[in-house]
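Using the UniProt record's numbering, the first residue of the sequence shown is number 1, and each one after it goes up by one. Glycine is no exception: its CB is placed at the ideal position from the N, C-alpha and C atoms. A quick write-up on the structure given underneath.
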Amino acid sequence: MTHPNAALIERFYEAFQRRDVDAMAACYAPDVTFSDPVFVELHGGEVTDMWRMLVSRAQKFTLAFSHVVADGDSGSAHWVASYVFSQTGRTVVNQIDARFVFRDGLIVEHHDRFDLWRWASQALGAKGALLGWTPFVQNAIRAQAKRGLAAFRAKAA
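Rendered as structure tokens:
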């Protein structure tokens, strides 16, 4: 029998596959925290707004997930997002490992890990391949993402 928190992770990614951000948000606690190599630390509404922004911009988006494991406290999954990066028109296939912490049947922490250099190589081309490993370029990617999310949130308000 599938643990309820494993079913919650599956529900989250099934909603993500449909680009249903409201259903994704329903899997999160109101005080959820999220982190990944680009969005280092987001809280609450910032998390769902990030997904809303990313889903709205993604072109030719597909998502597959696997290896869902969970118990009463924590869980994990592997997922692969394929899309055209809107800023460059380049195709990205991002392999991501996710960790989750649960409280009261909802996700309270969501941490994604992926190779930012590999992502930059795909999304940015030669510049990303040559310089994407440097802290300067990685910090620039983070700063641009932060500005983009702030602008998205301001426009939605």
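Per DSSP, cross-strand counterpart(s) of residue i
{"i": "residue 75", "result": "70, 100"}
{"i": "residue 59", "result": "84"}
{"i": "residue 64", "result": "80"}
{"i": "residue 93", "result": "82"}
{"i": "residue 107", "result": "28, 102"}
Residue i: first and last residue of the uninterrupted beta strand (DSSP E) it sits in
{"i": "residue 153", "result": "Careful: residue 153 lies outside any beta strand (DSSP E), inside the alpha helix (DSSP H) at 135-156."}
Backbone secondary structure at residue i - three-state DSSP
{"i": "residue 31", "result": "strand"}
{"i": "residue 22", "result": "helix"}
{"i": "residue 36", "result": "coil"}
{"i": "residue 114", "result": "coil"}
{"i": "residue 48", "result": "helix"}
{"i": "residue 41", "result": "coil"}
Range of the contiguous alpha helix (DSSP H) that encloses residue i
{"i": "residue 128", "result": "126-131"}
For residue j and residue i, believed in contact at Cβ under 8 Å, the rounded distance
{"i": "residue 51", "j": "residue 21", "result": "5 Å"}
{"i": "residue 28", "j": "residue 77", "result": "Residue 28 to residue 77, Cβ: 15 Å. No contact."}
{"i": "residue 100", "j": "residue 121", "result": "28 Å between Cβ atoms; not a contact."}
{"i": "residue 53", "j": "residue 152", "result": "4 Å"}
Heavy atom of the ligand MN within 7 Å of residue i beta-carbon
{"i": "residue 124", "result": "Ligands are entirely absent from the displayed structure, and the ligand MN is therefore not among its contents."}
Would you check if there are 3 or more beta carbon pairs closer than 8 Å linking the segment 137-156 to the segment 63-70?
-> Judged by Cβ distances under 8 Å, the segment 137-156 makes no contact with the segment 63-70, as fewer than three pairs qualify.
Cβ pair count under 8 Å reaching 3, the segment 51-65 against the segment 77-95 | Counting C-beta pairs with one atom in each stretch, the segment 51-65 and the segment 77-95 have three or more that are closer than 8 Å, which means they touch.
Touch check for the segment 120-136 and the segment 89-99: three-plus C-beta pairs under 8 Å?
-> Yes, since at least three Cβ pairs between the segment 120-136 and the segment 89-99 fall closer than 8 Å, the two stretches touch.
Check whether the segment 112-125 touches the segment 31-50, counting contact only when three or more Cβ pairs, one atom from each stretch, lie closer than 8 Å.
-> Enough Cβ pairs lie closer than 8 Å, so yes.
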